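This report refers to the structure that appears directly beneath it.
There are 2 protein chains.
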Amino acid sequence: MARIKDVAAHAGVSVATVSRVLNDNPSVTEETRTRVYAAMRELSYVPNAVARSLRTEATKTLGLIIGDIANPFFAELARAVEDAARAAGYTVIIGNADERAEEQDHYVRTLLEQRVDGLLICPTAEVTPLVEEVARAGGPLVFLDRTLPGVHVPSVRADGTDAIRALVAHLRQLGHRRIAFISGPARLSTGRERTGAFLAAMAEHGLEVHPEYVQAGDFRSGSGRTLTARLLDLPEPPQVIFAGDNLMTLGALDEIRARGLRIPGDVALASFDDVPWFPHVNPAITAISQPAAELGKRGVRVILDRLGGRPAESVSLPAVLVVRQSCGEGRDVS
Amino acid sequence: MARIKDVAAHAGVSVATVSRVLNDNPSVTEETRTRVYAAMRELSYVPNAVARSLRTEATKTLGLIIGDIANPFFAELARAVEDAARAAGYTVIIGNADERAEEQDHYVRTLLEQRVDGLLICPTAEVTPLVEEVARAGGPLVFLDRTLPGVHVPSVRADGTDAIRALVAHLRQLGHRRIAFISGPARLSTGRERTGAFLAAMAEHGLEVHPEYVQAGDFRSGSGRTLTARLLDLPEPPQVIFAGDNLMTLGALDEIRARGLRIPGDVALASFDDVPWFPHVNPAITAISQPAAELGKRGVRVILDRLGGRPAESVSLPAVLVVRQSCGEGRDVS
DNA sequence: TCAGGTTATGTAATCGATTACATGGATGTA
DNA sequence: TACATCCATGTAATCGATTACATAACCTGA
């Protein structure tokens with residue numbers, strides 16, 4: 001593979017001149033420039049970004065560690081991050097933590113070794129020693145979608161509090177009282193926050209929550225199905241199942257269908273997290289929609305702010321309730 | 001940031017010894033090894049993969065360029081590639097071509113500059129000069145999901161011919177005659193092959209295909225919707241709409257629902273490409289399922305074979321028909 | 001004509017690792 | 001004791017770019 005030295009020899013100039021051409025340095029004659037370009041083309045020269053990065057101490061690369069690439073929410077997030085990074089001249093390396101702490105740490109390590117300029121993490125677990133150390137050392141981190149308690153790192157996240165309150169109001173107005181929540185894992189900020197917001201909203205509306213009506217899942221469809229089964233098997237099953245993310249909603253749907261129950265007649269269903277196909281389920285699923293693309297865009301902005309030495313401020317964007325038919329024939333009252 | 005030199009000084013050894021410890025070279029005393037590890041820990045040393053790659057001429061990195069990250073098929077594919085690569089000690093850089101040739105070429109260029117060891121491409125368009133040149137130069141390429149005519153590169157793909165034949169048989173047995181196909185773009189091998197297989201299967205079953213019944217979409221939901229509208233507006237609309245991928249099926253569903261038509265009574269619907277939510281649409285969507293995860297796994301195996309100097313052979317895996325209810329109350333006859 | 005300035009280009013150090021080869025001390029053997 | 005072997009470790013070249021500094025050529029004005 002041709003090196004800069006070969007191009008220089010072929011064009012009859014020094015490597016410095018070739019490098020100047022590569023970097024659009026204006027102090028190169030138009031004539032020399034064309035000669036260098038010609039040499040590059042003839043040798044099929046491809047600049048070596050590895051060597052460049054070593055010298056310049058910058059890779060023009062961002063790392064992104066997401067919870068689960070099979071989750072459409074993260075897919076949309078990743079796409080937005082990609083687009084925004086690309087527009088700023090950065091390449092993105094995506095790591096899939098698969099909601100496991102070891103996988104997450106593996107990627108943190110690998111991406112730091114690769115010397116990414118910045119790292120966007122959707123933390124997958126409780127604080128790990130590695131992440132804590134990197135944060136303390138002032139590594140170029142930003143948390144996306146989720147935060148970690150006690151770790152001082154700027155974050156970009158969605159706030160579902162208002163939307164959950166609106167959902168509970170909607171359910172209540174339709175006459176539902178026994179409402180169950182399949183939460184995310186308590187070790188994730190998103191899991192805890194949604195649970196907290198749900199309990200607060202229920203209290204506000206004077207609705208009681210049986211302890212067995214709050215079940216902790218793991219943001220994967222399997223747990224949605226298992227926990228739905230458990231809820232439906234209770235002596236007094238809930239009238240509404242509210243699932244904490246789109247995959248667990250899918251699992252709940254599986255179980256409800258398998259039992260031949262009707263929605264919302266036998267049991268109503270709502271989802272935190274909206275996906276394009278919810279309108280096509282019969283009945284269409286009422287859901288809380290998160291601004292995934294906007295989160296990704298803002299995440300990149302924040303990390304670039306950090307890298308540029310500008311103050312990096314945390315961002316919180318509201319999620320919104322989208323009323324459809326899966327909780328009953330209501331029109332939107334929020 | 002600590003360098004290998006600092007670690008060496010701190011541990012009272014040479015850089016060579018530290019490097020040996022990093023690379024698990026057995027000719028290092030147990031005692032020295034622990035001293036070096038201690039120094040690394042104390043200095044929070046993170047090896048610089050950029051420097052290592054420059055020296056070793058290998059990045060332990062694979063590039064993956066996919067058509068559209070928002071398409072669940074590619075998400076599943078990407079996840080499988082990731083998993084397989086990781087198991088072999090490789091990191092994956094994913095590029096999203098967004099089904100556009102320029103984007104694809106941008107990533108080909110960038111990833112080659114980054115000196116990825118291998119490149120998996122789901123070619124997004126007709127042959128581009130760049131891809132052709134890289135292929136001719138013997139670059140470490142493998143095509144995934146799609147192939148390019150006249151470009152001699154190993155490929156891993158799914159073959160839907162049998163499944164499409166089974167689908168047409170199924171439709172015919174249910175009494176359908178007027179069957180329309182929303183194909184993918186003719187510039188993609190997957191688009192052409194599915195269309196070819198459809199026309200062949202129709203001919204085999206003695207079914208005629210009106211020219212207006214074959215419409216070319218672009219593998220995005222918008223075109224699915226537009227073309228469904230066009231089909232339904234024909235003087236004699238089709239009895240069945242068969243969409244060439246899951247996103248266009250989503251678009252078709254949008255349009256059918258918007259018109260208040262019933263499936264399969266007013267119009268039946270089938271999809272090439274299955275996704276987890278198809279069973280939950282009412283009626284559940286009959287679809288042809290592609291082995292996306294297996295494709296990804298095999299793709300990695302093929303590229304690693306190439307890198308390892310082993311012969312890299314193209315792979316073709318069969319897709320299978322999954323009969324549900326969206327074409328009528330049939331049981332599977334295939 | 002020549003000091004001083006400008007401009008295009010070249011020379012060589014540098015980034016942080018790996019690794020071929022050199023070295024020196026310990027051990028074994030005759 | 002003398003010499004060959006072996007083993008752990010060190011020295012220094014190297015990968016391919018960037019860039020501070022040096023330099024040569026040319027121009028300008030007195």
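From first to last, the protein sequence lines are chains X and Z.
Numbering follows UniProt numbering, in which position 93 of the first sequence is assigned residue number 93; successive positions increment by one, without gaps.
Numbering follows UniProt numbering, in which position 300 of the second sequence is assigned residue number 300; successive positions increment by one, without gaps.
Think of the CB as a built atom: it goes at the ideal place given N, C-alpha and C, for glycine as much as any other residue.
No experiment lies behind these values; they were computed from the predicted model shown.
Any Cβ of chain X within less than 9 Å of the Cβ of residue i?
i      : result
Z/G328 : no
Z/I164 : no
Z/I303 : no
Z/A2   : no
Z/S53  : yes
Z/N25  : no
Z/D332 : Because Z/D332 carries a pLDDT of 41, less than 50, the predicted location of this residue cannot be relied on, and the following value inherits that uncertainty. No, its Cβ sits nowhere closer than 9 Å to a Cβ of chain X.
Z/T59  : yes
Z/T110 : yes
Z/A9   : no
Z/A49  : yes
Z/A78  : yes
Z/R310 : no
Z/L167 : no
Z/L253 : yes
Z/L144 : no
Z/A84  : no
Z/L250 : yes
Z/P276 : yes
Looking at chain Z, is there any beta carbon in it that lies within less than 9 Å of the beta carbon of residue i?
i      : result
X/A70  : yes
X/Q104 : no
X/D117 : no
X/I223 : For clarity, residue 223 of chain X is Ser in the given sequence; the question names Ile instead. Taking Cβ atoms only, chain Z never reaches closer than 9 Å to X/S223, which makes this a no.
X/I93  : yes
X/V36  : no
X/S19  : no
X/Q114 : yes
X/L188 : no
X/V281 : yes
X/V46  : yes
If contacts are defined as beta-carbon pairs under 8 Å, then residue i and residue j qualify, I think. What distance do you get, rounded to the angstrom?
i      : j      : result
Z/P238 : Z/R192 : 21 Å between Cβ atoms; not a contact.
X/I285 : X/T249 : 7 Å
X/A134 : X/L141 : Reading off the sequence shown, one finds Val at residue 134 of chain X, where the question assumed Ala. Confirmed, Cβ separation roughly 6 Å.
X/A51  : Z/L54  : 5 Å
X/I256 : X/V267 : 6 Å
In whole angstroms, what is the alpha-carbon distance linking residue i and residue j?
i      : j      : result
Z/E204 : Z/G150 : 29 Å
X/A270 : X/R298 : 28 Å
X/R331 : Z/F278 : In this prediction, X/R331 scores a pLDDT of 47, lower than 50, which makes its location untrustworthy; the coordinate-derived value is nonetheless stated afterwards. Between X/R331 and Z/F278, the C-alpha separation is close to 27 Å.
Z/R306 : Z/A58  : 14 Å
X/S183 : X/E126 : 16 Å
X/K5   : Z/P154 : 33 Å
Z/N25  : Z/A166 : 57 Å
Z/V323 : Z/D274 : 11 Å
X/T195 : X/G217 : 11 Å
X/A38  : X/L22  : 13 Å
Z/D105 : Z/H170 : 41 Å
Z/R310 : Z/V108 : 24 Å
Z/V281 : Z/E113 : 45 Å
X/A293 : X/A243 : 22 Å
Z/A78  : Z/L199 : 31 Å
Z/G160 : Z/T190 : 9 Å
Z/V18  : X/A85  : 36 Å
X/E31  : X/R3   : 21 Å
Let me check you understand the geometry: is the CB of residue i closer than 8 Å to at least one non-hydrogen atom of the ligand FMN?
i      : result
X/E294 : Because no ligand of any kind appears in the structure shown, any question about the ligand FMN cannot be addressed here.
Give me whichever residues DSSP pairs with residue i in a beta bridge.
i      : result
X/A243 : X/I182 and X/S271
Z/L250 : According to DSSP, which records beta bridges pairwise, Z/L250 is partnered with nothing at all.
Z/Q215 : Z/I182
Z/G328 : Z/S326
Contiguous beta strand (DSSP E) assignments of at least 3 residues, all confined to the segment 160–194 of chain X:
179–183
My parser needs the alpha helix (DSSP H) runs of 4 or more residues fully inside the segment 49–94 of chain X; what are they?
49–56 and 72–87
Completely contained alpha helix (DSSP H) runs for the segment 88–163 of chain Z, where each covers 4 or more residues:
101–113 and 129–136
Where are the beta strand (DSSP E) runs, 3 residues long or more, that stay fully inside the segment 270–320 of chain Z, in chain order?
286–289 and 315–318
Residue ranges of each alpha helix (DSSP H) within the UniProt domain "HTH lacI-type" (2–56) of chain X, 4 or longer
The qualifying runs are 4–11, 15–22, 30–43 and 49–56.
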